[in-house]
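Report on one structure; see the data block that follows.
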Amino acid sequence: MSGVIISPSILSADFANLERDIKRVEKAGADWLHIDVMDGHFVPNITIGVPVVKSIKQVTTLPLDVHLMIENPEKYIEPFANAGADILTFHYEAVDNIEGIISLIKAFGIKAGMSIKPKTDAEEILQYLSLLDLVLVMTVEPGFGGQKFMQKCAEKIPVIKRNAPDDLIIQVDGGINAQTARICTEYGANSLVAGNYIYKSENIDLAVKSLRN
Ligand code: DX5
Ligand code: ZN
9 MSGVIISPSI LSADFANLER DIKRVEKAGA DWLHIDVMDG HFVPNITIGV PVVKSIKQVT
69 TLPLDVHLMI ENPEKYIEPF ANAGADILTF HYEAVDNIEG IISLIKAFGI KAGMSIKPKT
129 DAEEILQYLS LLDLVLVMTV EPGFGGQKFM QKCAEKIPVI KRNAPDDLII QVDGGINAQT
189 ARICTEYGAN SLVAGNYIYK SENIDLAVKS LRN
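Quick note on the working numbering: the sequence shown kicks off at 9 and runs consecutively.
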């Protein structure tokens with residue numbers, strides 16, 4: 009995998025044809041598959057749970073990049089890890105014991121990610137960067153696909169980048185298209201999540217390629 013890691017979000021896929029839509033992004037050259045887990049509490053929407061992740065694992069070889077937008081994520085690390093998650097990203101705002109949840113995730117031999125909402129400053133999380141494999145900077149309020157990119161949030165990327173170990177993956181999620189992807193990669197992001205831009209495009213192959221370039 010060279011350069012930027014593209015992680016299409018299946019939130020914008022057709023859930024009645026999920027396998028077909030996963031194959032489409034696989035063929036288009038996606039690197040990971042982004043799975044948005046929402047509980048109706050941490051965010052005002054309900055989506056996918058453990059059984060669906062387990063089923064997805066059977067039909068794809070793409071690493072499963074699971075974004076937990078849930079309260080008490082520490083309770084669900086084990087079930088999601090056992091279901092086949094390769095990257096588990098929790099929200100900083102949902103956890104008291106940050107070091108604890110990071111070691112819990114790593115104990116399953118998978119990557120540990122932490123995400124911040126638009127209102128959380130980058131400075132708040134700098135102390136945790138050396139413990140993490142990935143930081144996810146949300147560029148919309150988490151909860152729904154198809155929202156407008158918030159440039160202000162992307163400005164946190166260079167702050168994180170300056171303070172991070174070289175191998176930290178800096179991911180962005182929300183309103184990513186060819187233009188906003190460029191802004192984020194110039195700031196130092198090296199992983200892009202995109203839902204609507206990929207799944208609502210006429211040509212999925214081109215959409216994935218345009219993000220990479
Ligand atoms: C939003 C989710 C995103 C969502 C992105 O809360 O975390 O992953 O699918 O969708 P787009 O790319 O359409 O903004
Ligand atoms: Zn997401």
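C-beta: ideal position from N, C-alpha, C; glycine also.
None of these values were measured; they are calculated from a predicted model.
Item to check | Euclidean distance between Cα positions of Gln-159 and Val-145 | outcome: 11 Å
Checklist entry - Under three-state DSSP, which class holds Gly-151? => result coil
Item to check | Complete runs of the alpha helix (DSSP H) confined to the region 136-191 [at least 4 residues] | outcome: List check, alpha helix (DSSP H) in window: 159-162 and 164-171.
Next on the checklist: Is Val-201 near the ligand ZN - that is, is its Cβ less than 7 Å away from at least one heavy atom of it?
Outcome noted: yes
Item to check | Spatially closest choice to Tyr-136 from Tyr-100, Ile-43, Asp-29 and Ile-13, by CA coordinates | outcome: Tyr-100
Checklist entry - Smallest Cα separation from Leu-176: which of Leu-26, Gly-121 and Val-103? => result It is Gly-121.
Item to check | 4-residue-minimum alpha helix (DSSP H) runs that sit fully inside the region 84-127, ordered along the chain | outcome: 85-91 and 106-115
Item to check | Per-residue burial, Gly-183 [other beta carbons within 10 Å of its own, 16 or more giving buried] | outcome: It counts as buried.
Checklist entry - Name the DSSP beta bridge partners of Ile-13, please? => result Answer is Ser-199, bridged to Ile-13.
Checklist entry - Under a Cβ-count criterion, where at least 16 other Cβ atoms within 10 Å of its own Cβ denotes burial, should Met-9 be classed as buried or exposed? => result For Met-9, the pLDDT reaches just 43, beneath the cut-off of 50, and the residue's location in the model is therefore unreliable, leaving the point undetermined.
Checklist entry - Is Ile-56 helix, strand or coil by DSSP? => result coil
Checklist entry - Would you call the CB atoms of Thr-68 and Ile-30 closer than 8 Å? => result yes
Item to check | Coil, strand or helix - Val-51 by DSSP | outcome: coil
Item to check | Reference Tyr-207, options Ile-14, Ile-13, Ile-18 and Val-12, closest by Cα | outcome: Ile-18
Next on the checklist: Please tell me whether, using a cut-off of 7 Å, the distance from the CB of Pro-87 to the nearest non-hydrogen atom of the ligand DX5 is below it.
Outcome noted: no
Item to check | Strand pairing of Val-33, partner residues [DSSP] | outcome: In DSSP, Val-33 forms no bridge with anything.
Checklist entry - Looking only at C-alpha atoms, which of Thr-147, Phe-152 and Gly-151 sits nearest to Ala-197? => result The residue with the shortest Cα to Cα distance from Ala-197 is Thr-147.
Checklist entry - Can you name the start and end residues of the alpha helix (DSSP H) that Leu-214 belongs to? => result 212-220
Checklist entry - Which one or two residues does DSSP pair with Val-45 in a beta bridge? => result Leu-76
Checklist entry - Do Ser-15 and Asn-204 have their CB atoms nearer than 8 Å? => result no
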